[in-house]
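Number of protein chains: 2
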Amino acid sequence: MSKLPLGCAIAGLLAFAAPAAMAQPASPGPASPGPGPREVPARSLPVPTAPSPQVQRLIAAPLRQGWNTPPTTPEGWRALAEAGAAATRLGLPGLRERLKVDVEAAEMGGVKVFRVTPREIRPEHRNRLLIHVHGGCYVLNPGEAGLPEAIFMAGFGGFRVVSVDYRMPPEAYFPAALDDAMAVWKAALQTNDPRNMAIFGSSAGGALTLEMVLRAKAEGLPLPAAIAPGTPMSDVTGVGDSFQTNGLVDNVLVAVDGFCDAATRFYANGHDLRDPLLSPIYGDLRGFPPTILTTGTRDLLLSNTVRMHRALRQAGVEAALQVFEGQSHAHYYRDDTAPESREAFTEIAGFFDRHLGK
Amino acid sequence: MSKLPLGCAIAGLLAFAAPAAMAQPASPGPASPGPGPREVPARSLPVPTAPSPQVQRLIAAPLRQGWNTPPTTPEGWRALAEAGAAATRLGLPGLRERLKVDVEAAEMGGVKVFRVTPREIRPEHRNRLLIHVHGGCYVLNPGEAGLPEAIFMAGFGGFRVVSVDYRMPPEAYFPAALDDAMAVWKAALQTNDPRNMAIFGSSAGGALTLEMVLRAKAEGLPLPAAIAPGTPMSDVTGVGDSFQTNGLVDNVLVAVDGFCDAATRFYANGHDLRDPLLSPIYGDLRGFPPTILTTGTRDLLLSNTVRMHRALRQAGVEAALQVFEGQSHAHYYRDDTAPESREAFTEIAGFFDRHLGK
Chain A
-14 MSKLPLGCAI AGLLAFAAPA AMAQPASPGP ASPGPGPREV PARSLPVPTA
36 PSPQVQRLIA APLRQGWNTP PTTPEGWRAL AEAGAAATRL GLPGLRERLK
86 VDVEAAEMGG VKVFRVTPRE IRPEHRNRLL IHVHGGCYVL NPGEAGLPEA
136 IFMAGFGGFR VVSVDYRMPP EAYFPAALDD AMAVWKAALQ TNDPRNMAIF
186 GSSAGGALTL EMVLRAKAEG LPLPAAIAPG TPMSDVTGVG DSFQTNGLVD
236 NVLVAVDGFC DAATRFYANG HDLRDPLLSP IYGDLRGFPP TILTTGTRDL
286 LLSNTVRMHR ALRQAGVEAA LQVFEGQSHA HYYRDDTAPE SREAFTEIAG
336 FFDRHLGK
Chain B
-14 MSKLPLGCAI AGLLAFAAPA AMAQPASPGP ASPGPGPREV PARSLPVPTA
36 PSPQVQRLIA APLRQGWNTP PTTPEGWRAL AEAGAAATRL GLPGLRERLK
86 VDVEAAEMGG VKVFRVTPRE IRPEHRNRLL IHVHGGCYVL NPGEAGLPEA
136 IFMAGFGGFR VVSVDYRMPP EAYFPAALDD AMAVWKAALQ TNDPRNMAIF
186 GSSAGGALTL EMVLRAKAEG LPLPAAIAPG TPMSDVTGVG DSFQTNGLVD
236 NVLVAVDGFC DAATRFYANG HDLRDPLLSP IYGDLRGFPP TILTTGTRDL
286 LLSNTVRMHR ALRQAGVEAA LQVFEGQSHA HYYRDDTAPE SREAFTEIAG
336 FFDRHLGK
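Sequence lines, in order, name chains A and B.
Using my numbering, read the first sequence as starting at -14 and increasing by one per residue.
Using my numbering, read the second sequence as starting at -14 and increasing by one per residue.
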């Protein structure tokens, strides 16, 4: 019997629930503290070797400077958004050329949009239209700075895309972004069969994608044929294990209580963060269209994404999940030359192809 | 311009690849070390709140004692396996009763098996049969100790299951486990249509599931209609970011270079660990049957699982992925009273139902 406790402790681990006495060893050693929080020592995480060199470069980048010193005034947020947008705009001409996509400013339903059109629309996509809602914690990426993901989708997927340039704080607060996106959706319904349309977006755009479906359900509007919320801010109440496990591991969002949570509160403007129109995981998900979700193993929103996937499956929704090795938040649309970027958007396009036009 | 570097650093993070000058801030502060390994400070990870109380209890359990002091002799391994098996066996009568499953020892193709049969077989499953290959790092869980997952599947899914009690070291080494599993597969083909059969298993059993398909392809044997490798040991060469990120976070396998890696080397017996029959991710995956993979966000094999999923998708295989919040390695078959356990196996059963009998 003297071997039993050790044997249980080790060998039981690939087996099923050991009896209660086994689940908690009677005399844990110093390396095995009692039940409760997990104490993890300081570690040096090497750059993983399986991703492409391009993604390895993204992973190897340091934590974003200033992630935990967000602006504290409306003017500060506006300046931050503008500075970031200026930087992103520098990369757009090259991106458009490499992916052979044209962009045109327009208006739909009284809302500013960009028409993002591949120079070669796939024949089977001629009558199809995707609506894109960009990310940026509801505050960042104004104007053309919201376009990169739309250009990736148009270029890799061969779809026409309309990207919503929704109003953001300090110009307008919750639910202005959603209102604008819905105005575009209603306008799109005037001239498009919803069976030929899908909605997609990442981060805040992933949340807005889900919120649009909740709102459309509530208003009795037709739903899109499919949606692709990428690493969605589906729960902004702080619930989610990866907020802790991937804290200071994700080099994009970095950790909780940084700029993104501050931006979300700035947008919410005092509104309850548990409202399903801010944390859609708490909404009624029954009847949602087929959904494909994308995340990475180092994503601060890994839990937001996989919990949303499980919630959709539990609601009886056809839902697919793709998780990319080593990637932090939304790394899949950071470098159009990374094979994983093409892979992610090809997967989403294929999912749309299986569900549109039915 | 003075705001630009900060603006880029923060706001670029939700946008696409900033120009090279932006990707690496010119003068990183002390909190943002240069590119390379990620230095993560010591942390205390609270028990996540979203999982069920049962799963929270599994997550709160301390790291397994003895995880990094594996046996060093054949006798030591045998004693460890026996001790663990004795502990697991204690829980089996209750498990069988709660899930209403009967177990009978038998033999197929000259190999010891257990017939694991639900007292109520679903009518649509009357002609269907699942083959189960248990986990335990190729060395642990002999005899009935390999049955818990099979009982979960039979009970939650309403399927007849045959669980392979394959030979293990020190009785027999690589590829004995696979040889035994293939002998059972061939025997099953004598009396069952492969369109009515699936193969499943977790950990080493997940790897064996994949290895069986590789071997069946190579031998020109019929393939199963679907497979469900759970948190598979699909790459035992050490490649996989979660070996690092979830090291000392996963309380089941705990970390690399522990007992499981030692057990795998014991089984491999000097054979190249990169052989696809030990690391199936390196095999030719074209033509694989529809596959559903299961893991958890704290799983040391999270990367093994999601990389396998991506590799299957890239090979054109229909492949689904489910990831459970906060769970360590194979937590989904540790407590049959956890709603997540029912959820995981119901999802797998539904996947089998969509693909069997076609």
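Glycine is no exception: its CB is placed at the ideal position from the N, C-alpha and C atoms.
Ranking V169/B, T322/B, T216/B and F336/B by CA distance to the CA of L80/B puts T322/B first. Two segments are said to touch when three or more pairs of C-beta atoms, one from each, lie closer than 8 Å; by this definition the region 305 to 322 of chain A touches the region 34 to 53 of chain A. Distance from the CA atom of F330/B to the CA atom of A213/B, rounded to whole angstroms, is 10 Å. Shown here, S313/B sits in coil according to DSSP, grouped into three states, outside any helix or strand. Residue nearest to E129/A within the set F144/A, V98/A, I116/A and A139/A is V98/A (criterion: CA-CA distance). Counting only residues of its own chain and dropping the five nearest sequence neighbours on each side, L65/B has a CB closer than 6 Å to the CB of P56. Distances from the CA of I333/A to each of V308/A, K343/A and A72/A were compared; the closest alpha carbon is that of V308/A. Ranked by how close their Cα comes to the Cα of G215/A, the residues M197/A, G186/A and V234/A have G186/A in first place. Under the three-state reduction of DSSP output, K97/A falls in the strand class.
At a cut-off of 8 Å between beta carbons, R28/A contacts chain B. For I333/B, DSSP records no beta bridge to any residue. T282/B and P160/A have their C-alpha atoms roughly 32 Å apart. Unbroken beta strand (DSSP E) runs of no fewer than 3 residues, entirely contained in the region 243 to 300 of chain B, are found at 276 to 281, following chain order.
Of all residues in the region 261 to 279 of chain B, none comes within less than 7 Å of chain A when Cβ atoms are compared. The distance from the Cβ of F336/A to that of I277/A is about 4 Å, consistent with a contact at the 8 Å cut-off. Three or more beta-carbon pairs separated by less than 8 Å are not found between the region 194 to 204 of chain B and the region 91 to 105 of chain B, which leaves the two stretches without contact.
Counting C-beta pairs with one atom in each stretch, the region 163 to 171 of chain B and the region 200 to 209 of chain B have three or more that are closer than 8 Å, which means they touch. Taken in chain order, the members of the region 300 to 322 of chain B whose beta-carbon sits within less than 8 Å of a beta-carbon on chain A are A305, L306, Q307, V308, F309, E310, G311, H314, A315, Y318, R319, D320 and D321.
Under the DSSP definition of a beta bridge, I116/B partners with V147/B and I184/B. Taking the beta carbon of R298/B as reference, the chain A residues within 7 Å of it are E332, listed in sequence order. Within a 10 Å sphere around the beta-carbon of L286/A sit 16 or more other beta-carbons, which makes this residue buried. CA-CA distance, I106/A to A90/A, rounds to 19 Å. Among the residues of chain B, those whose CB is under 8 Å from the CB of T34/A are V224, following chain order. With a 10 Å radius around the Cβ and a threshold of 16 neighbouring Cβ atoms, R28/B comes out buried.
Of the candidates A68/A, G342/A and K85/A, the residue whose Cα lies closest to the Cα of I136/A is K85/A. Per the C-alpha coordinates, the member of G131/B, F141/B and V146/B positioned closest to A189/B is G131/B.
Listed along the chain, the chain A residues whose CB falls inside 7 Å of the CB of V25/B are A27, R28, L30, L233 and V234.
Annotation: L174/A to V221/A spans about 30 Å, alpha carbon to alpha carbon. Here S313/A really is in contact with D235/A; their C-beta atoms are around 4 Å apart, less than 8 Å. DSSP places V25/B in the uninterrupted beta strand (DSSP E) bounded by R23 to V25.
Close to P155/A, with beta-carbon spacing below 8 Å, lies no residue of chain B; the smallest spacing is near 15 Å. Nearest CB-CB separation between T194/A and chain B: not below the 8 Å threshold. Here the alpha carbons of D150/A and A46/A stand approximately 29 Å from one another. The beta carbon of V291/B sits closer than 8 Å to some beta carbon of chain A. Secondary structure of A203/B (DSSP, three-state): helix. Cβ-Cβ separation between A304/A and G120/A: approximately 20 Å, too far for a contact (criterion under 8 Å).
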